[in-house]
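Trainee:
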Amino acid sequence: MRSFPVRRNTLVLFIVLFLLAIFAWAGWANWEYRQQAAERRAAIAAVQGELVPVATAGGDSAQFITPLEGKPAPAFTLPDLDGKKISLASYRGKALLINFWATWCGPCKIETPWLVELRNKYASQGFEVIGIDTEGDDAAPGSDAYAKDKSAIEKFVEQEKMPYPVLVDGDSISKPYGGLDDLPTSFFVDRNGKVVAAQIGINSESDIENNIKKALAE
Amino acid sequence: MRRLAIATATLLSLTALAPAQFVSKAAQGRSGKTEAVQYLFPEQVTLPAGKPAAVALHFRVAAGLHINSHNPKDDFLIPTTFSIPDGAGVKLENAAYPAGAMITLAADPTTRLSVYTGEFTINTRLVAAAGNHLVQARLHYQACDQEQCMPPKTITVAIDVIGK
Numbered sequence: 012m013r014s015f016p017v018r019r020n021t022l023v024l025f026i027v028l029f030l031l032a033i034f035a036w037a038g039w040a041n042w043e044y045r046q047q048a049a050e051r052r053a054a055i056a057a058v059q060g061e062l063v064p065v066a067t068a069g070g071d072s073a074q075f076i077t078p079l080e081g082k083p084a085p086a087f088t089l090p091d092l093d094g095k096k097i098s099l100a101s102y103r104g105k106a107l108l109i110n111f112w113a114t115w116c117g118p119c120k121i122e123t124p125w126l127v128e129l130r131n132k133y134a135s136q137g138f139e140v141i142g143i144d145t146e147g148d149d150a151a152p153g154s155d156a157y158a159k160d161k162s163a164i165e166k167f168v169e170q171e172k173m174p175y176p177v178l179v180d181g182d183s184i185s186k187p188y189g190g191l192d193d194l195p196t197s198f199f200v201d202r203n204g205k206v207v208a209a210q211i212g213i214n215s216e217s218d219i220e221n222n223i224k225k226a227l228a229e
Numbered sequence: 115m116r117r118l119a120i121a122t123a124t125l126l127s128l129t130a131l132a133p134a135q136f137v138s139k140a141a142q143g144r145s146g147k148t149e150a151v152q153y154l155f156p157e158q159v160t161l162p163a164g165k166p167a168a169v170a171l172h173f174r175v176a177a178g179l180h181i182n183s184h185n186p187k188d189d190f191l192i193p194t195t196f197s198i199p200d201g202a203g204v205k206l207e208n209a210a211y212p213a214g215a216m217i218t219l220a221a222d223p224t225t226r227l228s229v230y231t232g233e234f235t236i237n238t239r240l241v242a243a244a245g246n247h248l249v250q251a252r253l254h255y256q257a258c259d260q261e262q263c264m265p266p267k268t269i270t271v272a273i274d275v276i277g278k
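Protein chains in written order, with my numbering: chain A, 12 to 229; chain B, 115 to 278.
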């Protein structure tokens, strides 16, 4: 009877160790699964040119990986609201935020005042925002739908007092920029024309500002 | 044995937390590309030929998403609209849309949006010509979640309408 407490303690110890081992294995398996899933998503992104969310260890804001990161931002020439053709190449030497948005996009409307404020704050350091309207309807220039879109864009730009260039017909360059399945989508480009970061959806003004600083620094 | 029970309970609690630790809400929300709105029923209706009849059409918005109601609170937003193309053998005499639920986005608690989430019903009055008509009606909508929006979309609402 005297040896019973020892046997019981040993039993408890073994059970605890066993459970700890299961817990450690579950944690490792979970980490391994997440790693493999992230690699699969990155591989898909590389093939499809899509932005893919990457889960972060803390907080709710997801970061995005894009196959464009570290590569030159895809070239484009698009008309502005006056019909003047504007090319990305004409902004070489500036740090850029290329912001794809649409008039019907609520989060874009929330984000726009932030972009205006940040553009004005960092313009003197060689920073510019290029807003590219992407209505998602592939309206052909000259069509009624195109005219309707243009009218809505002009109204939006006036209402939001957007001081930066706003280009239209973003649908035509959606493929090289990853499909633009969701708006707003922003790409941050350094002074050498390389993409340094990307964001899908509305995060916070500070997240945007951090990526602007990254674009200005590199 | 009490110590064993406490140790086991503690470890099981920790194990339960393990799968949640690396995945953000936004990442979970974007993990799959599903249709934002699904037409549920009816697939077939029998109506008195040539006379207006009430037909309730049921739809479901995917979890985590919302679409604008028929009367969104901002001119820029795209209203949800149901239509039947001409020549379908069935005419849409009237469509009564449900009132939207008022929500705000986390990034801007001051702006209220009128939206549909979950299941919603459009109460229509249809006039069917005599005969069997496979109607390809349309629902036009624009969907968002709390952080981002998808382009406007039109889905086909297939209804077999029998006019007798």
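Using N, Cα and C, we set each Cβ at its ideal position, and we do this for glycine too.
What's the C-alpha gap between residue 147 (chain A) and residue 43 (chain A)?
Mentor: Approximately 38 Å between the Cα atoms of the pair.
Trainee: Determine whether the Cβ of residue 159 (chain A) lies closer than 9 Å to any Cβ atom of chain B.
Mentor: Output row for residue 159 (chain A): interface = no.
Trainee: Put residue 130 (chain A) into one of helix, strand or coil per three-state DSSP.
Mentor: Note: residue 130 (chain A) maps to helix in three-state DSSP.
Trainee: Measuring CB to CB, does residue 254 (chain B) end up less than 9 Å from residue 197 (chain B)?
Mentor: Against a cut-off of 9 Å, the Cβ pair of residue 197 (chain B) and residue 254 (chain B) comes out as a contact.
Trainee: Starting from residue 237 (chain B), trace the beta strand (DSSP E) in both directions and tell me its first and last residue.
Mentor: Element bounds for residue 237 (chain B): 233 to 242.
Trainee: Would you check if there are 3 or more beta carbon pairs closer than 8 Å linking the stretch 265 to 278 of chain B to the stretch 149 to 160 of chain B?
Mentor: Short answer: they touch.
Trainee: Express the C-alpha separation of residue 82 (chain A) and residue 331 (chain B) in angstroms, rounding to a whole number.
Mentor: Past the edges of chain B, shown from 115 to 278, lies residue 331 (chain B), and the structure says nothing about it.
Trainee: Give a yes or no on whether 9 Å exceeds the smallest Cβ distance from residue 84 (chain A) to chain B.
Mentor: So no, residue 84 (chain A) is outside the interface.
Trainee: For the stretch 233 to 263 of chain B, enumerate the residues whose C-beta is nearer than 7 Å to any C-beta of chain A, in chain order.
Mentor: If the cut-off is 7 Å between Cβ atoms, the stretch 233 to 263 of chain B has 256, 258, 261, 262, 263 near chain A.
Trainee: On a Cα-Cα basis, can you pick out the residue from B:193, B:206, B:251, B:240 that is closest to residue 228 (chain B)?
Mentor: For residue 228 (chain B), the nearest C-alpha among the options comes from B:193.
Trainee: Applying the criterion that 16 or more other CB atoms from any shown protein chain within 10 Å of the CB defines a buried residue, is residue 33 (chain A) buried or exposed?
Mentor: Under this definition residue 33 (chain A) is an exposed residue.
Trainee: Under 8 Å, with one C-beta from each stretch per pair, do the stretch 263 to 270 of chain B and the stretch 100 to 115 of chain A reach the 3-pair mark?
Mentor: Cβ pair count under 8 Å is three or more, so yes.
Trainee: Taking the C-alpha atoms as reference points, what is the distance between residue 260 (chain B) and residue 250 (chain B)?
Mentor: Each residue's alpha carbon lies about 31 Å from the other.
Trainee: Looking at residue 109 (chain A) and residue 200 (chain A), is the spacing between their C-beta atoms short of 9 Å?
Mentor: Yes.
Trainee: Using beta-carbon positions only, say whether residue 119 (chain A) and residue 178 (chain A) come within less than 9 Å of one another.
Mentor: No; because the gap between Cβ atoms is not below 9 Å, this pair is not in contact.
Trainee: Between the stretch 89 to 102 of chain A and the stretch 127 to 134 of chain A, do at least 3 Cβ pairs fall closer than 8 Å?
Mentor: Flag = no, the stretch 89 to 102 of chain A and the stretch 127 to 134 of chain A do not touch.
Trainee: Residues in its own chain within less than 6 Å of residue 205 (chain B) by CB, not counting five upstream and five downstream?
Mentor: Within the same chain, residue 205 (chain B) has close Cβ partners 241.
Trainee: 9 Å is my cut-off, CB to CB: does residue 285 (chain B) come that close to chain A?
Mentor: The structure shown does not extend to residue 285 (chain B), since chain B is modelled only from 115 through 278, so no value can be given for it.
Trainee: Determine whether the Cβ of residue 81 (chain A) lies closer than 9 Å to any Cβ atom of chain B.
Mentor: Chain B contact via Cβ: absent.
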